[in-house]
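Novice:
Chains as they are written, first to last, in our numbering: chain A, 228 to 343; chain B, 685 to 799.
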């Protein structure tokens, strides 16, 4: 299957600082990328959908000024958590897809963010 | 609106026994259905999908799932469970008629295979 690489896998940052998470599709061009947040023992919560070259579409309740998403190319999307606070600590997962609606999405390995 | 229900938070099964992880869905049209597996602190790995055609779908690692339109179900099965199958399993649905590529996930089912 197609490979999605997410980096870093784990990051600890101080409260008030910003953290950037990268999501790359290694062997395909991703027409759409998704960012999820997963709380312990819970399902994935979709944060935003991004298409290359256009602004991300955020889900209701997700602060777009806090979670900046950039999809500069067909193989790279970034999520920047700005002015991070301890409540932003979570597991963030990206996914990428291409093709028609029947094509499965491929997921990165996730990023464990801890804000201290 | 589309939704997925995984009625069991946890499923325990003895190694070598068959396993079933349940999933039911709700969409307005014909569904696209997916199963993913997640190991601790990892992303999701694709197992299998149903788009159209044969109701019995075979996927990775010996898993299969049966699409049942009348019961709106897509249960994941494996004839003989392995300890290494222990993980978190997610069912997901996409409504191709909704004009979006978003997947809606169930809450997940933790599978524990006991040696």
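C-beta atoms are modelled at their ideal positions from N, C-alpha and C, and glycine is treated no differently. Just so it is clear, the structure is predicted and the values come from calculations on it, not from any experiment.
So residue 239 (chain A) and residue 262 (chain A) are in contact, right, with Cβ under 8 angstroms, and what is the actual spacing, rounded?
Specialist: Residue 239 (chain A) to residue 262 (chain A), Cβ: 20 angstroms. No contact.
Novice: Which ranges would you report for the beta strand (DSSP E) in the segment 764-794 of chain B if only whole runs of at least 3 residues count?
Specialist: 771-778
Novice: In angstroms, rounded to a whole number, what distance separates the CA positions of residue 255 (chain A) and residue 342 (chain A)?
Specialist: One C-alpha to the other measures close to 33 angstroms.
Novice: To the nearest angstrom, how far is the alpha carbon of residue 765 (chain B) from that of residue 313 (chain A)?
Specialist: 39 angstroms
Novice: Could you name the residues of the segment 744-759 of chain B whose beta carbon sits closer than 9 angstroms to any beta carbon of chain A, in the order they occur along the chain?
Specialist: So the list reads 744, given in the order they occur along the chain.
Novice: Quick one, which of B:768, B:787, B:788 has its alpha-carbon nearest residue 796 (chain B)'s?
Specialist: B:768
Novice: How many angstroms separate the CA atom of residue 340 (chain A) from the CA atom of residue 269 (chain A)?
Specialist: 16 angstroms
Novice: Please list the terminal residues of the continuous beta strand (DSSP E) segment that includes residue 703 (chain B).
Specialist: 703-705
Novice: If you draw a straight line from the alpha carbon of residue 774 (chain B) to that of residue 789 (chain B), how long is it in whole angstroms?
Specialist: 7 angstroms
Novice: Go ahead and pull the three-state DSSP assignment for residue 744 (chain B).
Specialist: helix
Novice: Report yes if the C-beta distance between residue 318 (chain A) and residue 265 (chain A) is below 7 angstroms; otherwise report no.
Specialist: The answer is yes: Cβ separation under 7 angstroms.
Novice: Entirely within the segment 239-291 of chain A and at least 3 residues each: give me those beta strand (DSSP E) ranges in chain order.
Specialist: 246-252, 259-265, 271-278
Novice: Can you find at least 3 beta carbon pairs, one from the segment 293-310 of chain A and one from the segment 685-701 of chain B, that sit closer than 8 angstroms?
Specialist: no
Novice: Could one say the Cβ of residue 334 (chain A) lies closer than 7 angstroms to chain B's Cβ atoms, at least one of them?
Specialist: Closer than 7 angstroms: yes.
Novice: Taking 6 angstroms as the limit between beta carbons, can you name the residues of its chain near residue 252 (chain A), skipping five residues before and five after?
Specialist: 231, 302, 323
Novice: Taking C-alpha atoms, which residue in A:285, A:294, A:249, A:250 lies nearest to residue 315 (chain A)?
Specialist: Taking only the C-alpha atoms, the option nearest residue 315 (chain A) is A:294.
Novice: Can you confirm whether residue 735 (chain B), when its beta carbon is compared against all beta carbons of chain A, has any partner nearer than 7 angstroms?
Specialist: With 7 angstroms as the cut-off, residue 735 (chain B) counts as an interface residue toward chain A.
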